[in-house]
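Trainee: In the UniProt record's numbering, the protein residues as written are 1 to 119. One structure, pasted below without further comment.
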Amino acid sequence: MNVFGYTDHGFGEVEEAMLELYTTAATGAIRSARRYRRAVAVIEQLRRALESRAVIDQAEGVIMAARGVDAAGAFVVLVEQSQHQNVKVRELAERIVGEMNSGDGRPLPETTSVSPRLS
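Okay, structure coming up:
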């Protein structure tokens, strides 16, 4: 922060002390605001990650049942297929889970467009 006076050496000892207090307080407020913004961003990222994780876990379950693989293998299949289709893992997982249920908990017929086999 720059502070200018109207004359050379325009600030006395009292003014200099007050300006120092002011700049210290302003610096602290700016740092606090930056930390707060970063914390809010991290919270939002964690919230999205938790929401994404649930649907990814469900899609892994569908793949495990269809392919007879363990959770790690199902995740590998999910990642490979997302890369093959050039979509995010979360988006692919949402499609798989969404197409496995008709909305009322009943499985859809075998003619879904996203097969749990992920051909």
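Here a beta-carbon is modelled for each residue, glycine too, at the ideal position from N, C-alpha and C.
Could you tell me which of 66, 69, 91 sits nearest to residue 55, measuring between CA atoms?
Mentor: The candidate whose alpha carbon is nearest that of residue 55 is 91.
Trainee: Work out the CA separation of residue 8 and residue 26 for me, nearest whole Å.
Mentor: Between residue 26 and residue 8, the C-alpha separation is close to 25 Å.
Trainee: Note down the Cα distance separating residue 49 from residue 32, rounded to an integer number of angstroms.
Mentor: Computed Cα separation, rounded: 26 Å.
Trainee: For my contact list, residue 78 and residue 93 are in at a C-beta cut-off of 8 Å; report their separation, rounded to the angstrom.
Mentor: Rounded, the Cβ-Cβ distance is 6 Å, consistent with contact.
Trainee: For the alpha helix (DSSP H) that residue 75 lies in, which residues bound it at each end?
Mentor: Segment 71 to 85, the alpha helix (DSSP H) holding residue 75.
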